[in-house]
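Each remark here refers to the structure printed beneath this line.
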């Protein structure tokens with residue numbers, strides 16, 4: 005009777021439409037329980053006493069069709085925004101799909117650099133949106149439903165008054181010597197040096213290892229580990245528009261390219277009173293007279309800053325007064341090495357001292373003819389090194405950058421190396 009009870013339940017679940025049979029056993033009526041979640045009850049047929057028909061079995065139910073969704077694209081900053089923070093970046097993301105392309109353009113047509121995630125889930129601009137710009141962003145995505153859609157957004161960035169900018173050297177499209185650093189002096193102190201340095205890059209052809217070094221909060225220089233190779237093309241990339249430092253916003257984007265000329269080095273020995281100038285595989289020796297005791301010429305490497313054929317020199321401008329004071333209206337063939345007043349120049353009043361004794365107030369003097377020749381050979385960026393003198397020139401006195409070891413130089417960067 006126990007087996008017949010199970011069979012009766014199975015027949016009842018099938019809707020009580022099958023007749024009981026087999027073995028003359030009588031069927032029992034069972035109450036059908038409701039089926040949860042709206043699913044349909046399954047059915048089974050009883051076979052006259054066959055033990056292979058297990059009670060309670062059911063046929064598989066059919067599954068619902070897969071649900072697909074259109075792509076949902078979000079662009080930030082939001083469409084029609086105004087006064088957007090200049091330090092923000094453009095971001096595009098998608099749900100229920102994949103981005104296939106994103107373009108962002110400044111008004112005027114300049115394209116914005118950015119990176120599309122390999123998965124197609126997001127896109128981010130490389131740089132801040134900057135000050136006072138209007139952008140249009142167009143994103144194309146394909147949804148899970150297989151349909152392509154295009155989403156656009158236009159917004160305008162703010163124009164804050166609290167900004168900073170940098171004066172840079174070298175000038176674009178110029179030629180400099182092999183020791184010329186890239187140098188930027190900012191008009192306001194930079195509190196977030198890492199944020200600013202991250203947006204300053206230098207590329208060179210041929211490529212070379214180099215680093216930035218901060219001198220205080222307003223000047224940063226870049227130089228390679230060794231002098232540039234002759235003929236190198238160097239480009240400074242400034243991407244400071246919208247870069248935030250404290251409460252200040254940068255307002256510059258620049259690309260500045262210059263060229264390294266032929267290789268020239270000059271080395272003056274304060275003991276022998278001679279300068280060796282080497283270029284094009286040839287060395288020329290000049291007789292000199294450098295700083296006398298108490299006014300020694302700086303030791304170390306200085307870099308030619310500028311040249312003037314004729315200037316006046318007054319000792320008061322470099323803090324020399326009393327019996328050592330001088331005021332010379334016409335000094336010829338002047339090659340400036342430091343802002344503090346170190347020059348290579350003609351010094352005919354010291355004619356008997358060249359090659360014999362140091363008798364200047366710190367400059368490197370030579371005959372008029374030698375000074376004119378030296379003037380004609382050098383260019384800004386050429387290194388002039390003094391040996392066997394006293395007190396190495398400070399690294400931030402002109403471009404004394406080369407007097408720091410590479411380890412000291414790299415340590416002055418705001419970014420990890």
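In our numbering, the protein residues as written are 5 to 421. We put the CB at the ideal spot given by N, CA and C, even for glycine. Because the structure is a prediction, the values reported are computed rather than measured.
message: Quick check on residue 190: buried or exposed, where buried means 16 or more other Cβ atoms within 10 Å of its Cβ?
response: With 16 or more other Cβ atoms within 10 Å, it is buried.
field: Burial state of residue 238, where buried means 16 or more other Cβ atoms lie within 10 Å
entry: Classification for residue 238: buried.
task: Evaluate the contact criterion for the segment 247-267 versus the segment 332-347: three or more CB pairs, one atom per stretch, below 8 Å.
output: Too few Cβ pairs lie closer than 8 Å, so no.
query: For residue 407, which of helix, strand or coil comes out of DSSP?
result: helix
task: Look up residue 113 in the DSSP assignment and say whether it is helix, strand or coil.
output: Reduced to three states, the DSSP call for residue 113 is coil.
- prompt: Tell me, which residues are paired with residue 222 by DSSP?
  reply: Paired residue(s): none; residue 222 is not in a bridge.
field: Sequence-distant residues of its chain with Cβ nearer than 6 Å to residue 121 (five each side left out)
entry: Contacts found: none.
Of the residues 223, 137, 336 and 169, the one placed nearest residue 416, counting alpha carbons only: 223
query: Given a threshold of 16 other Cβ atoms within 10 Å of its Cβ, counted over all protein chains shown, does residue 330 qualify as buried or as exposed?
result: exposed
query: Does DSSP classify residue 318 as helix, strand or coil?
result: strand
message: Within a Cβ cutoff of 6 Å, which residues of the same chain sit near residue 405, ignoring the five residues on either side of it in sequence?
response: Result list for residue 405: 185, 225, 227 and 399, in chain order.
task: Using a threshold of 8 Å, state whether the C-beta atoms of residue 126 and residue 93 are closer than that.
output: no
field: Host beta strand (DSSP E) of residue 374 (start-end)
entry: Careful: residue 374 lies outside any beta strand (DSSP E), inside the alpha helix (DSSP H) at 372-381.
- request: Give the DSSP-derived three-state secondary structure of residue 300 in the structure shown.
  value: coil
- prompt: Do residue 370 and residue 180 have their C-beta atoms within less than 8 Å of each other?
  reply: no
task: Please state whether DSSP places residue 388 in a helix, a strand or coil.
output: strand
query: Near residue 197, which residues of its chain fall below 6 Å by C-beta distance, leaving aside the five closest residues on each side in sequence?
result: 218 and 418
task: Counting only the same chain and skipping the five closest in sequence on each side, list residues whose C-beta sits under 6 Å from that of residue 393.
output: Correct list, in chain order: 274, 300, 301 and 303.
query: What are the boundary residues of the beta strand (DSSP E) that residue 394 is part of?
result: According to the DSSP assignment, residue 394 belongs to the beta strand (DSSP E) that extends over 394-396.
- prompt: Mapping DSSP to helix, strand and coil, what is residue 229?
  reply: coil
- prompt: Among the residues of its own chain, which have a CB less than 6 Å from the CB of residue 438, if the five just before and after it don't count?
  reply: Absent from the structure is residue 438, since the part of the chain shown begins at 5 and ends at 421.
query: Would a C-beta distance cut-off of 8 Å place residue 350 and residue 321 closer than the cut-off?
result: no
task: List the whole-angstrom C-beta distance separating residue 131 from residue 117, where the pair is believed to meet the contact cut-off of C-beta under 8 Å.
output: So it is a contact: roughly 7 Å between Cβ atoms.
message: Am I right that residue 146 and residue 75 are in contact with their C-beta atoms under 8 Å? What's the rounded C-beta distance?
response: Your pair residue 146 and residue 75 checks out as a contact, with CB atoms roughly 6 Å apart and the cut at 8 Å.
- prompt: Who does residue 422 pair with in a DSSP beta bridge?
  reply: Residue 422 lies beyond the range of the chain shown here (5 to 421); nothing can be said about it.
7 Å CB neighbourhood of residue 407 in its chain, flanking five on each side removed: Excluding residues up to 5 positions away in sequence, 304, 305, 396, 397 and 399 lie with their Cβ nearer than 7 Å to the Cβ of residue 407 in the same chain.
query: By DSSP, does residue 313 sit in helix, in strand, or in coil?
result: Here residue 313 sits in strand by DSSP.
- request: Please confirm whether residue 139 and residue 182 have their CB atoms less than 8 Å apart.
  value: Result no, Cβ atoms of residue 139 and residue 182 do not sit closer than 8 Å.
message: Which residues does DSSP list as the beta-bridge partners of residue 368?
response: 348
- prompt: On the three-pair Cβ rule with 8 Å, is the segment 209-218 touching the segment 244-257?
  reply: Contact between the segment 209-218 and the segment 244-257 is absent, because fewer than three Cβ pairs lie under 8 Å.
- prompt: Exposed or buried, which one is residue 332 when buried takes at least 16 other CB atoms within 10 Å?
  reply: Residue 332 should be labelled exposed.
message: Let me confirm a value: residue 374 is counted as buried when at least 16 other C-beta atoms fall within 10 Å, else exposed. Which label applies?
response: buried
task: Take the Cβ of residue 201 as the centre, count every other Cβ of all protein chains shown within 10 Å, and call the residue buried at 16 or more, exposed below.
output: buried
- prompt: For the putative contact between residue 104 and residue 124, defined by C-beta atoms under 8 Å, what is the C-beta separation to the nearest angstrom?
  reply: Rounded, the Cβ-Cβ distance is 7 Å, consistent with contact.
- request: Please work out which residues of its chain come closer than 6 Å, Cβ to Cβ, to residue 414, disregarding the five sequence neighbours upstream and downstream, and give them in chain order.
  value: 215 and 421
message: Once DSSP output is grouped into helix, strand and coil, what is the label at residue 152?
response: strand
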